[in-house]
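Notes to accompany the following structure.
Protein chains: 2
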Amino acid sequence: MTPRTDTDDPTERPRIPLSRRRVLRAAVAIADRDGPESLTMRGLAQELGVEAMSLYHHVAGKEAVFDGTVEVILAEIMAAVDEVDAPSPEDDWRAALRARILTAREVFLRHRWAPQVLESRGTTSPDVVAYLDGVVAILRAGGFSFDLAHRALHVLGSRALGFAQELFRPDGAAPTANDAAAEMERMAGRFPNIAGMLAAAVHDDPDGTLGFCDDQFEFEFALDLILEGLERRRAAS
Amino acid sequence: MTPRTDTDDPTERPRIPLSRRRVLRAAVAIADRDGPESLTMRGLAQELGVEAMSLYHHVAGKEAVFDGTVEVILAEIMAAVDEVDAPSPEDDWRAALRARILTAREVFLRHRWAPQVLESRGTTSPDVVAYLDGVVAILRAGGFSFDLAHRALHVLGSRALGFAQELFRPDGAAPTANDAAAEMERMAGRFPNIAGMLAAAVHDDPDGTLGFCDDQFEFEFALDLILEGLERRRAAS
DNA sequence: ACCTGAACACCGTTCAAGT
DNA sequence: ACCTGAACACCGTTCAAGT
């Protein structure tokens with residue numbers, strides 16, 4: 001007898017042995033498709049054609065799986081920032097840092113669930129530290145003291161990794177223009193200033209193709225404002 | 001027979017009827033004490049001396065409970081900002097906004113779990129919109145166009161509510177000075193720039209009483225940098 | 001060494017029944 | 001109207017057993 005089994009069924013793929021790497025990649029795939037709240041050990045096992053208990057030979061538990069997905073995302077970021085060609089930080093630290101951050105951002109745009117999972121981790125992963133080490137390297141090359149670089153990390157916060165807290169999230173409701181108009185009417189009473197802001201934005205973009213906010217534009221506006229403030233303090237120091 | 005039961009046991013408090021308000025206050029109390037991950041419907045019921053199923057007469061389910069805790073926190077913030085006496089925004093929008101934000105921050109410092117729960121809500125609660133309406137009101141009084149006010153909300157992000165993404169969270173490990181030194185040694189190899197930054201910070205604060213970061217100082221530094229950048233753009237507009 | 005089935009101790013929630 | 005007990009359909013995880 002050959003060691004191969006199930007030869008009668010050609011649809012059965014030869015079994016690839018389970019590994020930590022395969023488990024984590026499957027976890028990222030599930031989060032990409034259904035969101036992180038849909039990630040269960042049983043579902044993850046099913047995705048891999050295996051029983052749930054087999055996972056525990058490769059990861060410590062569910063929390064370790066989430067830690068692992070952050071690892072995968074950060075690795076993707078590190079690979080991306082390594083390839084981008086930006087000005088040397090000695091010549092133009094702002095352009096160098098800007099390029100790094102916007103490159104990292106692209107990865108998070110492909111994995112929109114990742115910020116929430118990253119923030120939910122109790123402790124700072126070494127991969128995040130490694131990424132931030134590169135940020136500090138750029139600042140140092142640009143003439144920052146360690147102290148001012150430290151300030152800079154705090155000012156940037158999650159923006160250093162390319163994402164920002166959005167307090168204003170799309171409602172998802174208001175599918176028709178009429179609903180939107182009714183919603184606006186209601187808001188004008190309770191929230192006159194927000195309503196005025198919304199009206200002004202709609203005026204600038206009458207088709208509303210962008211929705212209320214162009215996230216990329218807002219992100220870059222905020223980033224440039226911060227980089228300018230940091231450069232001002234660096235020059236004064 | 002009187003309707004009162006259990007008169008034999010004087011420790012049994014007369015039963016206060018359950019209400020949405022009581023349920024949500026108990027939920028906040030549990031989150032304050034044990035963290036939001038420890039909040040379960042069964043535990044919440046026990047805290048209220050009731051069966052789990054009774055809760056469903058006052059809240060739709062667990063997600064509604066979390067929505068409700070955000071409501072409670074935002075109400076606390078609104079009460080706090082109403083009482084603070086700050087410069088009129090017409091005279092000094094920066095001072096007025098700064099005072100509002102630092103007041104909101106105090107509430108989050110009393111409920112450190114709240115940012116994560118607030119961010120986990122899929123949609124923007126009306127209470128957050130009400131708070132931001134006040135922020136926009138200050139900006140408008142300070143001479144901002146609706147458009148620039150919109151930019152400002154995005155730049156501030158969660159900082160408008162008084163909290164910021166901290167990517168660098170205290171490890172909790174390294175309880176002894178020796179452990180910390182060993183940790184530093186290890187970091188110097190993999191993360192030379194972060195390690196240098198850490199060393200510089202320790203040098204400035206040899207007792208290490210503040211830990212690595214003085215959060216309040218960093219928050220205000222970042223806030224002031226942003227307010228300055230916004231004022232510059234307002235003046236130029 | 002790697003995988004599994006059955007079981008345990010939890011969850012949120014439904015439902016029919018009590019008062 | 002408000003509360004409850006039993007039950008259902010899930011979880012993550014342990015353990016002893018298989019190969």
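Those protein sequence lines, which keep their order, are chains A and B.
Note that full-length UniProt numbering has the first sequence beginning at 1, numbered continuously upward.
Note that full-length UniProt numbering has the second sequence beginning at 1, numbered continuously upward.
All residues carry an ideal CB built from backbone N, CA and C; glycine is no exception.
Given the structure is predicted, the values throughout are model-derived calculations rather than measurements.
Quick one: is the Cβ of residue i within less than 8 Å of any heavy atom of the ligand SAM?
| i | result |
| --- | --- |
| residue 193 (chain B) | Of the ligands one can find in the structure shown there are none, so the ligand SAM has no counterpart to examine. |
What does a CB cutoff of less than 8 Å around residue i pick up in its chain, not counting 5 residues either side in sequence?
| i | result |
| --- | --- |
| residue 117 (chain B) | 31, 36, 66, 69, 70 |
| residue 28 (chain A) | 69, 72, 73, 111 |
| residue 234 (chain A) | 142, 143, 144, 148 |
Flag this pair as yes or no: are the beta carbons of residue i and residue j separated by less than 9 Å?
| i | j | result |
| --- | --- | --- |
| residue 206 (chain B) | residue 133 (chain A) | no |
| residue 74 (chain A) | residue 139 (chain A) | no |
| residue 190 (chain B) | residue 129 (chain A) | yes |
| residue 104 (chain A) | residue 86 (chain A) | no |
| residue 151 (chain A) | residue 221 (chain B) | yes |
| residue 46 (chain B) | residue 119 (chain A) | no |
| residue 78 (chain B) | residue 34 (chain B) | no |
Go ahead and label residue i buried or exposed: buried means 16 or more other beta carbons lie within 10 angstroms of its beta carbon, across all protein chains shown.
| i | result |
| --- | --- |
| residue 16 (chain B) | exposed |
| residue 229 (chain B) | buried |
| residue 203 (chain B) | exposed |
| residue 217 (chain A) | exposed |
| residue 160 (chain A) | buried |
| residue 54 (chain A) | exposed |
| residue 109 (chain A) | exposed |
| residue 84 (chain A) | exposed |
| residue 61 (chain B) | exposed |
| residue 49 (chain B) | exposed |
| residue 8 (chain B) | The predicted model places residue 8 (chain B) with a pLDDT of 34, which falls under 50 and marks its position as unreliable; any figure quoted below should be read in that light. Looking at its Cβ environment, which holds fewer than 16 other Cβ atoms inside 10 Å, residue 8 (chain B) is exposed. |
| residue 2 (chain A) | Confidence at residue 2 (chain A) is low in this model, with a pLDDT of 33, below 50, so its placement is unreliable and the value that follows should be read with caution. Exposed: under 16 other Cβ atoms inside 10 Å. |
On a Cα-Cα basis, can you pick out the residue from the options that is closest to residue i?
| i | options | result |
| --- | --- | --- |
| residue 187 (chain A) | B:22, B:85, B:201, B:125 | B:125 |
| residue 201 (chain A) | A:214, A:189, A:137 | A:214 |
| residue 142 (chain B) | B:131, B:226, B:89 | B:89 |
| residue 167 (chain B) | A:40, A:154, A:167 | A:154 |
| residue 111 (chain A) | A:82, A:227, A:198, A:25 | A:25 |
| residue 137 (chain A) | B:157, B:198, B:194 | B:194 |
| residue 80 (chain B) | B:223, B:131, B:227 | B:131 |
| residue 199 (chain A) | B:157, B:149, B:163 | B:149 |
| residue 63 (chain A) | A:113, A:233, A:38, A:121 | A:121 |
| residue 227 (chain A) | A:184, A:157, A:114, A:41 | A:157 |
| residue 212 (chain B) | B:231, B:233, B:184 | B:184 |
| residue 115 (chain B) | B:162, B:82, B:33 | B:162 |
| residue 39 (chain A) | A:123, A:82, A:219, A:113 | A:113 |
Whose C-beta lies closer than 7 Å to the C-beta of residue i among residues of the same chain, with five residues either side of it excluded?
| i | result |
| --- | --- |
| residue 145 (chain B) | 237 |
| residue 76 (chain B) | 107 |
| residue 58 (chain A) | 18, 19, 20, 23 |
| residue 223 (chain B) | 98, 101, 159 |
| residue 43 (chain A) | 30 |
| residue 52 (chain B) | 41, 42, 45 |
| residue 225 (chain B) | none |
| residue 231 (chain A) | 94 |
| residue 182 (chain B) | none |
Can you list, in chain order, the residues of its chain with a C-beta nearer than 6 Å to that of residue i? Leave out the 5 residues immediately preceding and following it.
| i | result |
| --- | --- |
| residue 196 (chain B) | none |
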